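Following: one structure in structure tokens, then a few remarks.
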Amino acid sequence: MVHFQETLISWYLIHKRDLPWRETRDPYKIWLSEIILQQTRVVQGTSYYLKFINEFPTVKDLSESSEQKILSLWQGLGYYSRARNLHAAAKEIIKNNEGVFPSNYNDLLKLKGVGPYTAAAISSFSFNEAKAVVDGNVFRVLSRIYDISTPINSSQGVKDFQELAQSILNKSDPATHNQAIMEFGALVCTPKAPKCNKCPMTLECSSFKNDTIKMRPVKIRKGTVRSRFFIYKVFYNSPEKLLFLKKRKAKDIWQNLYDFDHQEFTKKELFDEHIQTFQNEKHTVSLSHKLTHQHIMAFFVLCPTIKKKINKELVPVKINELKTYPIPTLIKKYLEQEPEIPNSV
DNA sequence: AACCCGGGGGG
DNA sequence: CCCCCAGGGTT
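Take the position in the first sequence, starting the count at 1, then add 164; the result is the number in this note's numbering.
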């Protein structure tokens, strides 16, 4: 056990990447980086982290921002509830805790958007609390080293891996240990084509010995992908350069982001049928957009107008103000390729 | 326990 | 095409 810890940390000190959030123990910065990196690759999240730290150097700065501004900065990163919870948690800290960041696992866990993984990460990285992190990397590394077949997304698996991770945690330096095991999973013990030839721990890796690497970790497959069909009416006042946006308020994808007036169809047949009624329109665009659990087919019809107000649901936005409105990537892709709405994004 | 929430990249 | 990514919240 002790040997395992030493091997891991030795490997880490040599091979660790130089990442901006590793230069600090400020819990605010660690927290921000961890929320951004949830279900997100380091290469995708890094520029967002730098943007947020630059815009909001302290939790107080973040708490005083508008949600819309935070969502705009978050635009393109996905899982937008993270941004909404981030803002809510910042306001909680200012209001209830006088701006002092929670400094232990149990208090961190109370923050919106902070679960067991993130609480363990912040408490260990910032405060050296001996709590083991269990993220996707840790599940994978431990399932291989100990050749565990319990599904990682079963309740039993979550419990077992959490206990195992805690039992092998280097209690004298939990911060380095936690970062090391995740870094090892990200760089060597990768999901596909793990680099066993460069692994310092093959001698103590049970699944390497048993030739079960490819079968680890075991994961229960999830349900099917839902198909959705959107027809967007894009009202645009060309002389005034006004685009009419609609805020998405439902508990659905892209909550509190903006798109256009639209109608949704569940069945492709009805969608195709309705599209036919626009066959004489000159400015239409078809796009497909794939999310993890949804496949969206979108059809956009440009609707020229000279009105400055249509109804209370549709917000008239000047093209050059559009960047202050958070929009889904699907909408961004549309604006990039509709020549009648120039220079909008 | 099952389902929901984005977008991008590797293989 | 399928899977995964420094997961968490809701039902």
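All C-beta atoms, glycine included, are put in the ideal place defined by N, C-alpha and C.
Just so we're clear, the structure is a prediction, and the values are computed from it rather than from any experiment.
Its chain contains 460 and 494 as the residues whose beta carbon lies nearer than 6 Å to that of residue 453, once the 5 sequence neighbours on both sides are disregarded; these appear in chain order. Shown here for residue 310: same chain residues with a beta carbon closer than 6 Å to its own, the five before and five after excluded, namely 370 in chain order. The residues 287, 291 and 293, in chain order, have a CB closer than 8 Å to that of residue 268 in the same chain once the five nearest residues on each side in sequence are set aside.
Looking at the backbone, the Cα of residue 206 and that of residue 393 are separated by about 32 Å.
Spatial neighbours of residue 380 in its own chain (CB-CB distance under 8 Å, excluding positions within 5 residues in sequence) are listed in chain order as 304, 307, 308, 311, 312, 313 and 371.
The beta carbon of residue 185 sits closer than 7 Å to the beta carbons of 193, 194, 197 and 213 from its chain, once the five residues preceding and following it are set aside; these are given in chain order.
Rounded to the nearest angstrom, the gap between the Cα atoms of residue 183 and residue 209 is 11 Å. Within a 10 Å sphere around the beta-carbon of residue 250 sit 16 or more other beta-carbons, which makes this residue buried. Runs of the beta strand (DSSP E) lying entirely within the stretch 187–253 and spanning at least 3 residues: none are present.
Note on residue 326: 16 or more other CB atoms within 10 angstroms of its CB, so buried under the neighbour-count rule. In this structure, residue 220 places its C-beta atom within 9 Å of the C-beta atom of residue 229. Within the model, the alpha-carbon separation for residue 272 versus residue 440 is close to 54 Å.
Per the coordinates, the alpha-carbon of residue 255 lies some 8 Å from the alpha-carbon of residue 224. Residue 394 is bridged by DSSP to 428 and 462. When only Cα atoms are considered, residue 484 and residue 400 end up about 14 Å apart. Selection 252, 261, 262 and 337 evaluated against residue 278 yields 252 as nearest (Cα-Cα). Closest in alpha carbon position to residue 190, among 259, 323, 266 and 382, is 266. Here the alpha carbon of residue 236 sits roughly 13 Å from the alpha carbon of residue 419.
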